[in-house]
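Participant: Going by the working numbering, the first residue of the sequence shown is number 1, and it counts up by one from there. Take this structure first; my questions come after.
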Amino acid sequence: MPADRLLVTGGAGFIGANFVHYWTQTHAGDRVVVLDALTYAGNLPSIESLRRLETFRFVQGDIRDTALVCKLMREERINRIVHFAAESHVDRSIHGPDAFIQTNVVGTCNLLQAARDVWGDGKGTPDCRFHHVSTDEVYGTLARDDPAFVESTAYDPSSPYAASKAASDHFVRAYHRTYGLRISISNCSNNYGPYHFPEKLIPLMIVNALSGRELPVYGDGSNVRDWLFVEDHCRAIDQILRMDCVGETYNIGGRAETANLDLVRNLCRLLDETIGASPRLQEHYPDCPAARGSSCAELITFVADRPGHDWRYAIDATKLRKATGFQPGESLVSGLRKTVSWYLQNEAWWRPLLDERYAQWVQQNYKRSERS
Ligand code: NAD
Ligand code: DAU
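Rendered as C-alpha cells:
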C-alpha cells in the first residue's frame, strides 16, 4: 500500500503532538507535515525529537493563510488532513471569543476551501480525507439522569469555544454535502496525558500541588466530565481514518465519568503516595504538602464558578465500537498514574511554561493575534 502523506494542523499542541508521536511510531513510512502557528498553546519541545526524522516536517504558519496551506498541500502531495488546530480553552473563550471565531471557524473554513481547491471536489481522489477533530462540548450540558450524547444529539453549545467548534463541524459537513469533500468528524470527551498545557484541570492541579499553590475548584466541584487518555484518542482517530466512512461522525469517549472534586482528590492521593515514598522528590518539591507528610488535598480551594459551566458530559461511543471494536486501553486509574509520572519526569517541559516572563510574552502575543 502506498504511504500516506498527512498534514496535521495544530501538531505542536497537546493532542496534535501526541498524535504525531503516535503516528510516526505506528506508520513509520508515512510523511507527516505539521502546520502550527505556535500560539501560547503550541510547544516545539513537544515534537523536538521528531524533527530528526526524514519523514517529518514542521512548518510554522496559520491555518488562515490560504496561499501557505495550498502550497504545502501541493508541494507535499497531501492526501490526509488531520485538523487539530484550534483555540481550545473554554475560560479563554469567555474572556476573548474573537480568537476562537478566527481560528476555529474562519481557519477551519479556510482549510476546507484549500482542500477543495487542491483535491477538486473529492472526485477521483479516493484516498483523500479531511478529518476534523471536534469535541463533545458541541452537544451542551446533561442532567444527572440524561442519556449520554449520541452522534444525532442536537447541538446546543454553551461557551464561545463550544459554539465555535459547533460552527466548524457544520461547515465540515456542509462541504461534504455540497461539494462532495471527503470528510469525517470525531467528537471526543476530555483528554489528558503528556504535553497537556498547565492551564487545563489535570496538569494545572499537578503542577500547582508540586509547588504548594492552591488547587482552584470551580463552584462546588460537582461538574462531571468523561476522561480519555490522549493516546487512546489518537488510536481512535487512526481507526476512523482507516475505515471507509466518508461523511460520517463518531463520538469518542473514555467511559470514565467523574466529578471534578473526585478527580482532584484522586490526583492528590496519587501525589501524596508518590512523593511520600521518595526522599528525592520530597527534597525537590519542598513546598508540596506531601513532602512534609501532609496531603495535597489541603490545597483544594473552591473558587467562583465558570459562567455557563456545563454540568455534565457523557459519551455514547457505541457507533465507533461497533464499527472498529475500539475500546479505551487505559482506565482513569492507570491513565492518571501515567500522567502524574510523566509530569514528574518532565519538569523541563512544563517549568518554562510557568515562567512569568514567558507568560507575559504569551499574553502580549495572544492579544496581538486577537487584534489582527
Ligand atoms: P491545544 O490548545 O493544546 O493546541 C492547539 C494547537 O493549535 C496549538 O499548537 C496552537 O499553536 C495551534 N493553533 C492555534 N491557532 C492556530 C492557527 N490559527 N493556525 C495554526 N495553528 C494554530 O489544543 P488540544 O487540546 O490539543 O486540542 C486539539 C483539538 O482537539 C482542538 O480542535 C480541540 O477542539 C479538540 N478537542 C480537544 C479535547 C481536549 O480535551 N483537549 C477534547 C476533544 C476535542
Ligand atoms: O470535553 C472536551 C473538552 O475538554 C475540549 O473540547 C476542550 O478543548 C478541553 O479544554 C476540555 O474542556 P473543559 O472545559 O472540560 O476542560 P478544563 O480542563 O478547562 O476543565 C475541566 C473541568 O474542570 C471543568 O468542569 C472546569 C473545571 N475546572 C477547570 C479548571 C481549569 C476547575 O474546576 N478548575 C480549574 O482551574
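Backbone N, C-alpha and C define an ideal beta-carbon position, used for all residues, glycine too.
Quick check on residue 368: does DSSP put it in helix, strand or coil?
Facilitator: Because the pLDDT of residue 368 is 46, which lies under 50, any placement of that residue in the model is unreliable, and the question is left without a value.
Participant: With respect to the beta strand (DSSP E) encompassing residue 68, which residues constitute its N-terminal and C-terminal limits?
Facilitator: That residue, residue 68, is in no beta strand (DSSP E); its alpha helix (DSSP H) goes 66-75.
Participant: How about the region 159-176 and the region 314-326: do they share at least three Cβ pairs that are nearer than 8 Å?
Facilitator: Flag = no, the region 159-176 and the region 314-326 do not touch.
Participant: Whole angstroms are fine: how far does the CA of residue 298 sit from the CA of residue 245?
Facilitator: The alpha-carbon atoms of residue 245 and residue 298 are separated by roughly 49 Å.
Participant: Quick one: is residue 165 buried, meaning 16 or more other Cβ sit within 10 Å of its Cβ, or exposed?
Facilitator: Per the 10 Å Cβ criterion, buried.
Participant: Once you ignore the five residues that flank residue 332 on each side, which residues in its own chain have a CB closer than 6 Å to its CB?
Facilitator: Cβ neighbours of residue 332 beyond the five flanking positions: 227 and 256.
Participant: Rounded to whole angstroms, what's the CA-CA distance from residue 52 to residue 75? Just pull it up for me.
Facilitator: Their backbone Cα atoms lie some 20 Å apart in a straight line.
Participant: Just the Cα atoms here: how many angstroms apart are residue 38 and residue 10?
Facilitator: If you take the alpha carbons of residue 38 and residue 10, they lie about 8 Å apart.
Participant: Can you tell which of 236, 290 and 69 has its C-alpha closest to the C-alpha of residue 324?
Facilitator: For the residues 236, 290 and 69, the minimum Cα distance to residue 324 belongs to 236.
Participant: Could you compute how far the alpha carbon of residue 78 sits from the alpha carbon of residue 283?
Facilitator: Rounded to whole angstroms, residue 78 to residue 283 spans 50 Å at the Cα level.
Participant: Just the residues with CB closer than 6 Å to a heavy atom of the ligand DAU, in chain order, which are they?
Facilitator: Listed by chain position, these are 88, 89, 90, 135, 136, 137, 189, 190, 200, 201, 204, 216, 217, 218, 223, 225, 260, 306 and 313.
Participant: If we count Cβ pairs, one from each stretch, closer than 8 Å, do we get three or more for the region 175-183 versus the region 340-354?
Facilitator: No: the two stretches stay apart, fewer than three of their Cβ pairs being nearer than 8 Å.
Participant: Any idea if residue 95 is buried or exposed, counting beta-carbon neighbours within 10 angstroms, 16 or more meaning buried?
Facilitator: Classification of residue 95: exposed, given that the 10 Å Cβ count is below 16.
Participant: In three-state DSSP terms, what is residue 259?
Facilitator: If DSSP states are grouped into helix, strand and coil, residue 259 belongs with the strands.
Participant: Have a look at residue 342 and residue 286 and give me their C-alpha separation to the nearest angstrom.
Facilitator: Cα to Cα, the separation comes out at about 19 Å.
Participant: Looking at the strands, I want to know which residues DSSP matches up with residue 249.
Facilitator: Answer is 185, bridged to residue 249.
Participant: Using alpha carbons as the reference points, say which of 241, 98, 223 and 201 lies closest to residue 129.
Facilitator: Comparing Cα positions, the closest option is 241.
Participant: Below 7 Å, is the gap between the Cβ of residue 114 and the nearest heavy atom of the ligand NAD?
Facilitator: No, the beta carbon of residue 114 sits no closer than 7 Å to any heavy atom of the ligand NAD.
Participant: Quick check on residue 184: buried or exposed, where buried means 16 or more other Cβ atoms within 10 Å of its Cβ?
Facilitator: The residue in question, residue 184, is buried, as its Cβ has 16 or more Cβ neighbours within 10 Å.
Participant: Is it true that the CB of residue 110 sits closer than 8 Å to the CB of residue 81?
Facilitator: Not closer than 8 Å, so no.
Participant: Please determine if the region 202-215 and the region 87-101 are in contact, where contact requires at least 3 C-beta pairs separated by less than 8 Å.
Facilitator: These segments do not touch.
Participant: Quick one: is residue 17 buried, meaning 16 or more other Cβ sit within 10 Å of its Cβ, or exposed?
Facilitator: So residue 17 ends up on the buried side.
Participant: Which first and last residues belong to the alpha helix (DSSP H) in which residue 324 is found?
Facilitator: Start and end: 318-324.
Participant: Distance, Cα to Cα, residue 303 vs residue 220?
Facilitator: Computed Cα separation, rounded: 8 Å.
Participant: Between residue 264 and residue 230, which are expected to be in contact by the criterion C-beta below 8 Å, what is the C-beta distance as a whole number of angstroms?
Facilitator: The pair is not a contact, with the Cβ atoms about 19 Å apart (cut-off 8 Å).
Participant: So, is residue 352 buried or exposed, given that buried needs 16 or more other C-beta atoms within 10 angstroms?
Facilitator: Under this definition residue 352 is an exposed residue.
Participant: Just list the beta strand (DSSP E) runs in the region 140-204, keeping only unbroken ones of 3 residues or longer that don't cross its boundaries, in chain order.
Facilitator: Fully enclosed beta strand (DSSP E) runs of 3 or longer: 183-188 and 190-192.
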